[in-house]
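Report on one structure; see the data block that follows.
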Amino acid sequence: MSAFHIWRDDPPPRDTDVLAKYGLLDKDWQKVRTCKRGCCVIQYGFTMVLPKYWKEVEQEQPHD
């Protein structure tokens, strides 16, 4: 499992899918898409929300 980043200090790439958490005690990571500038995510089509933490979406390993 990869380490996570603090969104405000090290924002994710723009217009990308990432896993986000809104609090350190949240159990699950949520898959979100960053905005065109990478500074926030857009939920419900119009609300801009800034998560506290993010990490890259892990690619599934191909199965033999």
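The opening position of the sequence shown corresponds to residue 677 in my numbering, with each subsequent residue numbered one higher.
Ideal placement from N, C-alpha and C gives every residue a C-beta, glycine not left out.
All values derive from a computational prediction rather than experimental measurement.
Among the options, nearest to residue i - alpha-carbon criterion
i: Arg709; options: Leu701, Lys703 and Lys697; result: Lys697
Where residue i falls, given that 16 or more other Cβ within 10 Å makes a residue buried
i: Pro688; result: buried
i: Met677; result: Any reading at Met677 is ruled out, since the residue's pLDDT is 45, under 50, leaving its predicted position unreliable.
Which of helix, strand or coil DSSP assigns to residue i
i: Tyr698; result: coil
i: Thr692; result: coil
i: Trp705; result: coil
Short Cβ contact (7 Å threshold) for residue i with residue j
i: Arg713; j: Arg690; result: yes
i: Leu695; j: Lys728; result: no
i: Leu700; j: Cys716; result: no
i: Asp693; j: Val733; result: yes
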